[in-house]
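Quick notes on the structure that follows.
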Amino acid sequence: MYLVPLFPLLGAIISGLFRNQLSKTAAGIIASGAIAASFVVSFLLFFQVKSGGAIAVTPLFTFIKTSAFTIDFAFQVDQLSALFLLIITGIGFLIHLYSTAYMHEEEPHHFARYFSYLNLFVFSMLLLVMGANYVIMFIGWEGVGLCSYLLIGYWFKNTNYTAAAKKAFIMNRIGDMGFLLAVFYILQKVGSANYATVFAFDGFSSTDVTTICILLFVGAMGKSAQLPLYTWLPDAMAGPTPVSALIHAATMVTAGIYMIARSNVLYSASEIAQHLVAIVGLATALFSATIALKQNDIKKVLAYSTVSQLGYMFLGLGVGAYTGAVFHVMTHAFFKALLFLGAGSVIHAMHHEQDIRNMGGLKKHLPITHITFLLGCIAIAGVPPFSGFFSKDEILAAAYAHNPIYWGLGVAGAAMTAFYMFRLYATTFLGSFRGTQQQLSHLHESPISMTLPLMVLALLSVVGGFLNVPEVLHGNAALHHFLSPVLTSESKHSLSHSTEYILMGSSVAIATLALIFAINKFSKNPELGEATGLGKTLANKWYVDEAYDAAIVKPLNSVSLLFKNFVEKGIDGLVNGSGKLVQYSSRQVRLVQNGQVGSYILYMVLSMVILFLLWWNQPILTKFIQKIF
Amino acid sequence: MPIHSLLDATVVNTANNYFPIGVQLLFAAGFVATMLIMSALLGPKRKTSDKLANFESGIEITGNARQPMAIKYFLVAILFVLFDVEVIFFYPYAVNFRELGWAGFGAVAMFVGFFIVGFTYIIKKGALIWED
Amino acid sequence: MPIQYYIALAVILFSIGVVGVLTRRNAIIIFMCIELMLNATNLLLVAFSKMHHGAALAADAATKVGVEGQLFVFFVMVVAAAEVSVGLAIIVMMYRNVHSVDINFLNRLKN
Amino acid sequence: MNAIILSAIFGVVLMMASAFVSNRSLYKTIALACLVLLVGANIAETLGYSFFTIDTHNMLAFNKMGLFFNTICFTATLLYVFISSSEIERVDNYTAEYFALIFFSLCGIAILTSFNNLLMMFLGIEIMSIPLYILTGSDKRNLKSNEAALKYFLMGSFSTGILLLGIAFIYGATGSFGLESIKVGTLQMQLSILEVTGCILLLIAFAFKVSAAPFHFWTPDVYDGAPSVFTSFMASIIKVAGFYAFVKLFESRIETTSFATNPAVGVNWHLLFAILIIATLFVGNITAVFQQSVKRMLAYSSIAQAGFMLFALFSVNAFSKEGLYLYAAGYCLATIGIFAVLVRMKDYTFEGFNGLAKHEPTLAFATTVCLLSLAGIPLTVGFFAKYFMLAAVVKQGYAWLAIVGVLFAGVSIYYYFRVIAAMYFKSADENPAAVATSSTVKIGLAVVVAGIIILGVWPHALLNFLYF
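Residue numbers (the working numbering), protein chains in the order written: chain A, 144 to 772; chain B, 203 to 334; chain C, 12 to 122; chain D, 446 to 913.
So this is what it looks like as structure tokens:
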């Protein structure tokens, strides 16, 4: 069992230590091989779990032993972590493979450094999902944050990138504090951080559970980029594209989902926390979807889309559809990794051009990328029978059972998702090429090591949904049954079949409409931001479009701009402002240190007097403090 | 045998015990004062520049006395302070010399041994070489 | 004499030392003021020593109670001497470099 | 006892070596050999082999805890001398004397870990501090070193005065200097104002020694002005030894002099400690943010770390004791490591670190690990050190104080990462002068890094010794 994280760790150490000696091929083979090996082991583990079904906790050694408690360094492979293991190592392997081609222009030692970080990331992520207690999870949690920081800042020559890396790290740390406090709280209450012990513990008051859940959720907000700690994720797109695919789409950002799904017993015991999760998730989903509508950077669109999809997952967690959320993690990992890698392929072909306004008509130049990207778009838009449909539908159905308003807003978000994804698709691949002549002459399909992952992921995006066909569609909800031993507190919604059909039908219809609208709108005349010629074209095709444009698109666009320019700035400002405050006070406080011994001693004597005064007046002070707290 | 406490060195003190000392002090101060006043009143007074000049044993004055001194003086002064004050530990030993016996002698010998080590160090380092 | 007088005297001496440290600029004088503080505590220690001895004397004529206070004073004096030698050496070193013992010249290190 | 006597003797040996051995390169070999012997002798005593049988009249009490702390300090010194001996040789002409002074300081530390009497505590503190005044001023022609030495000396002796006044008051109130009799005595007698005043004065004097705000003012100037190689020693080993003595002294006093036990004159220690902790964390972390020199930043960061170590005082329980050991080891390792790199830099500003990762990747990596440990990032020992401290406070029921600690730890990441960012993400303006590193330094740094990571993954490797 310990082999799974061991391989990437070894890979990281080898490619890190010998980065000056290794050739690019060797570094690539070592790194990819390490992940492939751990994928194979994960696969075996998965089947073992599937057949055995028992939860296996394997302690490796005693990690911390104190008078108060003992924490084992233990791994736990059950249904939930086995599934995550497969996702992480599987997609991780594909992305490693892809990276060998994508990063080929780098110098050998940077190349090895990149793979070393990437392997280290996989290691930390595996630690995160395999840990049998919150402390191990926290170690992995910190590890992935660190690797993400290193990888975002990989091209460290550019100060903007390093600023983005720093921002990501600091935002993550804010969340981590929440997590850390939750772990403290649990340790103090339970005296153990083992999942089994904590979930079985019955000494929690309802306040305890709510506090723990909310603190954990703060951690999840940071890592999984939820409001208001989401702004680092779009900035994190500064890193190499495969990194964005692996870390900022498929795996790391879903750590928050994993954590909450893992703690589902606790969350189900706290209604307040569940509501909070659902509302934050939904708000994030809608908020970032509106922003994605107006983005022109291919990776930024995908980034906001990721934030939005993560919001859906939290909505699922909040309404008790834990399986749905995990299912969506899986399908999202497939199609979002696919989309990012496809985008990477486009960027690669366009020589690091990321603005979609300078693309267009890439359909015939990049046939494989085009097809796979299209499949990814369809999947994320939720068109049946692609994978996104099943997972999103499951969350939405559960949301409806919880509160129809959630469902309505969720569908609106889904429609926006379909819209901006096809806007992206149409502008990039359809129409005519708008780049420079030089770029045109260099357009080429990417090498096989890049397209192979695309094809595999496309296949998975198409069929991935069949893993969990709901009963209403005469499926057997396989994933549901598989995960049920872990997600014990899953809430079963009792919607009649006809209601479910109606829900599915309407959401699909709305999404499809948005999709067709987007293709029509952007394929022929994709000049974005200029509404003059646009209205005319649309009027010929679709008579009501103008009205629609004015009533929905324009307000949405302006809301999008508003969010982007004001709310996001405000949040950024708040974060930066506290930094400014620290800097300001630093400048002031250090003036006290004026270099004169005389004043130092004077300050010391004054402080002594104050301490004695405190002592004399402590009854009053104590009363005062007791009143405040 | 009880060790003589340092505290035993004192006797109960009352104001009466100090009376003879007070009288003696008074006499001493009175004598000095009387002599000074007398010589000031009786002696002749002539003020010349020679008389107001500093008297340096009859030798011509060579300049201001506040010249920077050689570092040697400070070194010796500092060493003096150190060695001088360490002698303080001999007092308790001296008071209890008999009672402490050979064990006490061993301890003091060790103490003195450390001194000698320090002294050797100083000499070897040339701190006491007066000539440059 | 009641012990309070000694305490008051020692505290006054100590405070004079502290005020001296705060108001003077000459390093050597500051240093002397610190020595005054140390000697004030020496006085206090001896006074307490005598007090405890006197209290124990009533019960046991051969008591040794209180002797440790006076021994402590010896150690304080010796440590003070060690500090004096180090301190004077530092002041001399400083004087050789800046030709002044005014502590207001010590302001290269700040902020 | 082994440690106290042998460290003094070794100090004398080195003094004599400087007088009688003219081969200067031999000094560091002698020093290293003596340190190895010292560590060995101390471990032997931990295992029950005491070389000297001396009746200390209960003024010293040796227990496993203190001896183990000695081992940590001595081993750290061994590592320190191993890494920095070539830099010590470079300060001035008196190499052997510097080693001798370091040994005398260690003697003070050995007394501080075993005192059972306020007299011994006083002597231990002075024996530890006086050599430091000299080491601070050892760069005789450098005005900054002079200034630092004089400042340190003046403020240090001032705090000695306060310490003595405190001891005198306690003696007056209880009639004894022994720690145990104080404990027993106060429970029986009515607690007097005199004794409490004495305790607060002791608190102030110790707060000065461990540079807790608002008595920290000497720290930045002294650490900045002293030769970097000695700053390393002061900021690491001396600092944690001061903390050990602080906790050792106060764990016996807090109970009896507290507000809860003696409502009439008792002190609300938690209030005072909380104020000290918050002030220290604030001053250390906030002021470090705006520094231009890495050395000075590290001085402020050492104040900030002191704030975390003060948590051990706030909540005296088994948990915080374990944390103190872990903190001592981790903090010493990280500080020694980072200073070993710093002394080899030509330029102490942040810009001086620009592009270090490119031309000196080994040094840059070691620095990064040390900084991560200081910042308390998991997988380094610094994380567990902070974790134990905070958890101890939470256990005591003061979760809000832990939150304050975590917030300031967040601020600390900013300035530690400034160095990392400079090393990895910025390139040097001109061709940087080669940093002189020998293989000794690299081996030493490898040990530091390995120690930080091993203890960071498995803190038990250290803590097990407390219970064997």
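Cβ atoms here follow ideal geometry from the backbone N, Cα and C, with glycine treated the same way.
Give me the chain D residues within the contact set of TYR323/B, using Cβ-Cβ distance strictly less than 9 Å, ordered along the chain. The residue you call residue 323/B lines up with position 121 of the second sequence. What TYR323/B touches in chain D: VAL457, MET460, MET461, SER463 and ALA464.
What's the C-alpha gap between PHE544/D and PHE258/A? Translated into the one-based positions of the fourth sequence, residue 544/D becomes position 99. Translated into the one-based positions of the first sequence, residue 258/A becomes position 115. Those two C-alpha atoms are separated by around 46 Å.
With LEU20/C and LEU54/C assumed to form a contact (beta carbons below 8 Å), what rounded beta-carbon distance in angstroms separates them? Sequence index remark: in the third sequence, residue 20/C carries index 9 (1-based). Sequence index remark: in the third sequence, residue 54/C carries index 43 (1-based). With 8 Å as the limit, LEU20/C and LEU54/C qualify as a contact, their Cβ atoms being about 7 Å apart.
Once the 5 residues before and after VAL192/A are set aside, which same chain residues still bring their CB inside 7 Å of it? By 1-based counting over the first sequence, the position of residue 192/A is 49. For VAL192/A, where only same-chain residues beyond five positions count, the Cβ hits under 7 Å are VAL220, ASP221, GLN222 and ALA225.
Do the region 484-497 of chain A and the region 550-559 of chain A make contact, defined as three or more Cβ pairs closer than 8 Å? no
At a Cβ cut of 8 Å, what residues of the region 101-115 of chain C count as close to chain A, listed as they run along the chain? ILE114 and ASN115
For ARG566/A, which residues in chain D fall below 9 Å Cβ to Cβ? Mapped onto the first sequence, residue 566/A falls at position 423. In chain order: nothing, as chain D lies at least about 35 Å away.
Report the three-state DSSP secondary structure of GLN497/A (helix, strand or coil). Walking along the first sequence from the start, residue 497/A turns up at place 354. In this structure, GLN497/A counts as coil in the three-state DSSP scheme.
Do you know offhand how far THR427/A's Cα is from ILE533/D's? Along the first sequence, read from residue 1 onward, the residue named residue 427/A stands at position 284. Along the fourth sequence, read from residue 1 onward, the residue named residue 533/D stands at position 88. About 58 Å.
Per DSSP, what kind of secondary structure is ILE899/D in: helix, strand or coil? Locating residue 899/D in the fourth sequence gives position 454, where the first residue counts as 1. Helix at ILE899/D.
For ILE865/D, report the span of its alpha helix (DSSP H) as first-last. Numbered from 1 along the fourth sequence, position 420 holds the residue referred to as residue 865/D. Start and end: 844-870.
Helix, strand or coil at VAL200/A [DSSP, three-state]: Along the first sequence, read from residue 1 onward, the residue named residue 200/A stands at position 57. Strand, per DSSP.
Using the Cβ count rule (16 or more neighbours within 10 Å means buried), how would you classify LEU429/A? Position 286 of the first sequence, counted from the start, is the residue given in the question as residue 429/A. With 16 or more other Cβ atoms within 10 Å, it is buried.
Considering only the alpha carbon of each residue, which of GLY65/C, TYR106/C and ASP113/C lies closest to LYS585/D? In the fourth sequence, the residue the question calls residue 585/D occupies position 140. Out of GLY65/C, TYR106/C and ASP113/C, TYR106/C has the C-alpha closest to the C-alpha of LYS585/D.
Count the other C-beta atoms from every protein chain shown that fall within 10 angstroms of the C-beta of ASN122/C, then say buried if there are 16 or more, exposed otherwise. Your numbering for residue 122/C matches position 111 in the third sequence. Classification of ASN122/C: buried, given that the 10 Å Cβ count is 16 or more.
Three Cβ pairs or more, each shorter than 8 Å: is that satisfied between the region 403-418 of chain A and the region 504-523 of chain A? no
Measure the alpha-carbon distance for SER530/A versus SER681/D and round it to whole angstroms. Indexing the first sequence from 1 puts residue 530/A at position 387. Indexing the fourth sequence from 1 puts residue 681/D at position 236. C-alpha separation (whole angstroms): 58 Å.
Could you tell me whether any Cβ in chain C is nearer than 8 Å to the Cβ of ILE331/B? As a position in the second sequence, residue 331/B is number 129, starting the count at 1. Output row for ILE331/B: interface = no.
When the Cα of LEU425/A is compared with those of PRO383/A, MET747/A, ASN546/A and ALA569/A, which residue comes out closest? Taking the first sequence and counting its residues from 1, the one referred to as residue 425/A is at position 282. The candidate whose alpha carbon is nearest that of LEU425/A is ASN546/A.
So, with DSSP's three-state summary, where would you put ALA392/A? Here residue 392/A refers to the residue found at position 249 when the first sequence is read from its first residue. Note: ALA392/A maps to helix in three-state DSSP.
Could you round the C-beta distance between LEU890/D and GLY782/D to whole angstroms and report it? I think they count as a contact, below 8 Å. As a position in the fourth sequence, residue 890/D is number 445, starting the count at 1. As a position in the fourth sequence, residue 782/D is number 337, starting the count at 1. Contact holds; Cβ gap of about 6 Å.
Given that VAL92/C touches chain B, what residues does it touch there, using C-beta distances under 8 Å? Counting from 1 along the third sequence, the entry for residue 92/C is found at position 81. Inspection of the sequence shows that residue 92/C is occupied by Ala rather than by Val. Residues of chain B passing the Cβ test: VAL283, LEU284, ASP286, VAL287 and GLU288.
Chain-order list of residues whose beta-carbon lies under 8 Å from that of VAL712/D (same chain, five-residue window excluded): Mapped onto the fourth sequence, residue 712/D falls at position 267. Excluding positions up to five away in sequence, the list reads VAL641, CYS644, ILE645, THR702, SER703 and PHE704.
Within its chain, find whatever has a CB closer than 6 Å to the CB of TYR832/D; leave out the 5 residues flanking it on each side and keep chain order. Here residue 832/D is taken as the residue at index 387 of the fourth sequence, counted from 1. There are no such residues.
Anything in chain A within Cβ reach of ASN118/C, meaning under 7 Å, just list it in chain order. As a working note, residue 118/C is residue 107 in the third sequence. Near ASN118/C (Cβ distances below 7 Å), the residues of chain A are GLY738 and GLN739.
Just mark LYS247/B as buried or exposed, buried being the case when its beta carbon has 16 or more other beta carbons within 10 Å. Looking up residue 247/B in the second sequence gives position 45. The residue in question, LYS247/B, is exposed, as its Cβ has fewer than 16 Cβ neighbours within 10 Å.
If you follow the alpha helix (DSSP H) that THR515/A is part of, which residue opens it and which one closes it? For the purposes of this step, residue 515/A is taken as residue 372 along the first sequence, with counting starting at 1. Note, THR515/A: alpha helix (DSSP H), 510-524.
Do ALA177/A and PHE150/A have their CB atoms nearer than 8 Å? Numbered from 1 along the first sequence, position 34 holds the residue referred to as residue 177/A. Numbered from 1 along the first sequence, position 7 holds the residue referred to as residue 150/A. Yes. Within cutoff.
For TYR549/A and ALA421/A, believed in contact at Cβ under 8 Å, the rounded distance: The sequence position of residue 421/A within the first sequence is 278, counting from 1. The sequence position of residue 549/A within the first sequence is 406, counting from 1. Their Cβ separation, rounded to whole angstroms, is 7 Å, which keeps ALA421/A and TYR549/A in contact under 8 Å.
Can you tell me which of THR655/A, ARG316/A and VAL752/A puts its alpha carbon nearest to the alpha carbon of MET564/A? Your numbering for residue 564/A matches position 421 in the first sequence. Comparing Cα positions, the closest option is THR655/A.
Can you tell me the Cα-Cα spacing of ILE448/D and LEU482/D, whole angstroms? Working through the fourth sequence from its first residue, we reach residue 448/D at position 3. Working through the fourth sequence from its first residue, we reach residue 482/D at position 37. Per the sequence shown, the amino acid found at residue 448/D is Ala instead of Ile. The straight-line gap from Cα to Cα measures roughly 10 Å.
Please list, in chain order, the chain C residues whose beta carbon lies closer than 8 Å to that of PHE292/B. The count along the second sequence starts at 1 and reaches residue 292/B at position 90. Per Cβ cutoff of 8 Å: no residues; PHE292/B is ~10 Å from chain C at best.
To which residues of the same chain is VAL892/D closer than 7 Å at the C-beta, ignoring the five residues directly before and after it? Position 447 of the fourth sequence, counted from the start, is the residue given in the question as residue 892/D. Excluding sequence neighbours, VAL892/D sits near LEU524.
First and last residue of the alpha helix (DSSP H) that includes VAL466/D? By 1-based counting over the fourth sequence, the position of residue 466/D is 21. Looking at the DSSP string, VAL466/D is not in any alpha helix (DSSP H), and its letter there is neither H nor E.
Quick one: which unbroken alpha helix (DSSP H) runs of 4-plus residues sit fully inside the region 249-274 of chain A? Chain order, please. 251-273
Please classify PHE678/D as buried or exposed, where buried requires at least 16 other C-beta atoms within 10 Å of its C-beta. By 1-based counting over the fourth sequence, the position of residue 678/D is 233. Buried, since its Cβ has 16 or more Cβ neighbours within 10 Å.
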